[in-house]
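Residue numbers (our numbering), protein chains in the order written: chain A, 1 to 377; chain B, 1 to 377. Every residue, glycine too, gets a C-beta built ideally from N, C-alpha and C. Bear in mind the structure is a predicted one, so any value in this text is a computation, not a measurement.
Listed below in structure tokens is the structure:
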């Protein structure tokens, strides 16, 4: 499989990403077997996202475990920039499910940022009212994943600005426009809100330490495209007297249409939304899920399918089939030609719809729980 | 008197300012006799700041009066960026005293911004704790001027960020870094907080309209060096659906040491602070107040003094001698040589100390009134 040019920034993910190259390019470390073993010592088992390399890279995860072993618990931080026309899709859920697993296994606090000004600042046609509405919807998806409300705090940039803006100023004072230019590729024509924004994204990485009155390590599970923000803030936060946040990076769940880029909710044919009906899921998978199979049944029986480029198989591997043996069984049958693309798709459709049925029920219940999650001083 | 090069920006005032040139350079309008007459029609009399050209220029003041005459009352807005090592001096009081007079005469609301992040963002050695302490002190001076607490609201950027930051984002979205560069002379090496800041300064010019749920005209009395911020925000605010704020501009009270630049509290020998004791005032005036008199008594009796360059006379004219006849009497006596510099200084010392005695008493009482002035939603 030839690897073409790719580009990964918080504002663009293009091409088929070569994650080994990205590790070098971003200067991050691979999550290797030794590190997985170290995690497993504390957790008893490993989530499929870890076993199967969905979370593939990190910054300072060993330090997080050092501190944990000394009795100094970390807190988790991640976020979601809600916007008009971009509903939560299954790819978004991956870092959040990782957080839920880590919260349970390590018994730690989880801080979730809703930077409801971000997309407003970056997109001409998005209003603050749009992002406020979208933030509400997105909160339901996060709550639906089962976080412990006693250990989970939502921060909304425009609603928690009394807390966050002064801290963002402390961060901003230590970042020049030159840094923003070279990190994000911004120009003089960028608006001054978008230039300031990264300071707000840095804040939840140390705000809990201020609120609790003790310096706590921070672990940020995120999609690797968000790393740029934290490359900058990891330089700044120690200057403010707080520990450098650690990060674990996930690959992107590919869009239905093929292995390049990342799933984007703005392209409805390429994304499975958390609010999709069973019928919509079925139609999308059947119609759009890129197949690694052959053109005819005869040819497929003879040559077999290629699971590496088959989006349905990859969704099972990356998300929906936690049983390693079952997954291997599917792989073998598909590679040998015993299993047809249609059969593979049926397995995935059933798995996704089982997941979404439960998720949508919990998402409905979440509407009454919102108040338990929004941080209050 | 030869006019040298001068420079007026929010971050620098240098040289002897030629206000006629500044009117052209900034594209503002002179407050002329016709406009003064229009004000007087409503106020009955004219404050000395208006009679004597201390407030010398404006933007859209005629429109403010048009609206007022239609029954659409304006609100007043001004501010003060508190910082370490810069206490309030008598020069700072001028726009505030103007506001107090306008509040009384037009019976209007007054909104006062304390941008406690501004100096923090611009000065390496200033912390947010420094500006918080300084803001408290500065509030006392404003309250001491006698504003009506029912019609006066203090906004503190870091304390009212829930209200202000989302609105600042709306402003920021419409300002590019190119504009900031050309308006303030900023460079890529400026920090991203200082680049964003002007958006926060724009907010109180329309926030009251949002809070009250009706579009109210805004009138901003300010020192002319602050005009740059509003040149930008006057372009942006109408795009957000609010009226362009109007402005009246004051000249600078010159430093004790001579007619160039503006009084700066960082140079204690050049400024009369509101907290100075009678003895400190006496010493400063006697020691530093630049004299327009002659070198010897004999020469002074013969040639007389020059009130135009005499700082003591100018302070009387611009601030401390409201009686026009008395002022003219002093001018004549000083010009003729009948009055010596020492005598002129004695008059000023007595006037300032009378003012400060009353001010300091009210400043002490203000400590218990703070809560009545800070805006609450």
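Beta-carbon separation (whole angstroms), residue i vs residue j, contact threshold 8 Å
i              : j              : result
residue 192(B) : residue 375(A) : About 25 Å; that fails the 8 Å criterion.
residue 205(A) : residue 183(A) : Rounded, the Cβ-Cβ distance is 16 Å, inconsistent with contact.
residue 340(B) : residue 297(B) : 6 Å
residue 106(A) : residue 42(A)  : 7 Å
residue 202(A) : residue 237(A) : 7 Å
residue 155(A) : residue 114(A) : 7 Å
residue 261(A) : residue 9(A)   : Rounded, the Cβ-Cβ distance is 13 Å, inconsistent with contact.
residue 209(B) : residue 230(B) : Not confirmed; about 16 Å, so no contact.
Contacting residues, own chain, Cβ-Cβ under 8 Å from residue i (five flanking each side not counted)
i              : result
residue 256(B) : 263, 269, 270, 271, 272, 284, 285, 288, 289, 290, 311
residue 160(A) : 375
residue 44(A)  : 105
residue 276(B) : 284, 356
residue 125(A) : 84
residue 309(B) : 1, 258, 259, 290, 292
Boundaries of the beta strand (DSSP E) in which residue i is found, first to last residue
i              : result
residue 219(B) : 218 to 223
residue 58(A)  : 55 to 59
residue 249(B) : 246 to 250
residue 79(B)  : 75 to 79
residue 203(A) : Taken as a continuous stretch (DSSP letters only), residue 203(A) belongs to no beta strand (DSSP E), as it is neither H nor E.
residue 294(A) : Element bounds for residue 294(A): n/a, residue is neither H nor E.
residue 155(A) : 152 to 156
residue 13(A)  : 12 to 14
residue 377(B) : That residue, residue 377(B), is in no beta strand (DSSP E); it is neither H nor E in DSSP.
residue 9(B)   : 7 to 9
residue 112(B) : 110 to 114
8 Å Cβ cutoff met for residue i and residue j
i              : j              : result
residue 152(A) : residue 116(A) : no
residue 251(B) : residue 281(B) : no
residue 221(A) : residue 98(A)  : yes
residue 200(B) : residue 168(B) : yes
residue 163(A) : residue 166(B) : no
residue 386(B) : residue 150(A) : This structure gives no information on residue 386(B), because the portion of chain B shown stretches from 1 to 377.
residue 64(B)  : residue 74(B)  : yes
residue 438(A) : residue 219(A) : Since the first and last residues shown for chain A are 1 and 377, residue 438(A) lies out of range.
residue 62(B)  : residue 35(B)  : yes
residue 358(A) : residue 337(A) : no
Same chain, Cβ closer than 7 Å to residue i, neighbours up to 5 away in sequence not counted
i              : result
residue 147(A) : 100, 103, 110
residue 172(A) : 196, 199
residue 354(A) : none
residue 317(B) : 52, 327
residue 239(A) : 174
residue 278(A) : 353
residue 67(A)  : 74, 217
Sequence-distant residues of its chain with Cβ nearer than 6 Å to residue i (five each side left out)
i              : result
residue 258(B) : 290
residue 351(A) : 320
residue 5(B)   : 15
residue 1(A)   : Low confidence applies to residue 1(A): its pLDDT is 42, below 50, so where it sits in the model is not reliable enough to give any reading.
residue 91(B)  : 253, 263
residue 26(A)  : 227
residue 293(A) : 300, 305, 341
residue 213(B) : none
Extent of the continuous alpha helix (DSSP H) run through residue i
i              : result
residue 25(A)  : 19 to 26
residue 93(A)  : 90 to 106
residue 314(A) : 311 to 315
residue 346(B) : 341 to 366
residue 167(A) : 161 to 172
residue 49(B)  : 48 to 51
residue 126(A) : It is not in any alpha helix (DSSP H) - residue 126(A) carries neither H nor E in the DSSP assignment.
residue 283(B) : 278 to 288
residue 147(A) : Counting along the chain, residue 147(A) falls outside any alpha helix (DSSP H), and DSSP gives it neither H nor E.
residue 184(A) : 177 to 184
residue 319(A) : Premise fails: residue 319(A) is in no alpha helix (DSSP H) and is neither H nor E.
residue 232(A) : 227 to 236
residue 43(B)  : 33 to 43
Test: residue i CB closer than 8 Å to a CB of chain D
i              : result
residue 181(A) : Absent here is chain D; the protein component of the structure consists of chains A and B.
Counting pairs of Cβ atoms below 8 Å between the stretch 355 to 362 of chain B and the stretch 327 to 345 of chain B, do you hit three or more? no
Counting Cβ pairs closer than 8 Å, one from the stretch 29 to 43 of chain B and one from the stretch 52 to 68 of chain B, do we hit at least three? yes
Spell out a yes or no on whether the stretch 116 to 136 of chain A and the stretch 82 to 96 of chain A are touching, meaning 3 or more CB-CB pairs, one atom from each, closer than 8 Å. yes
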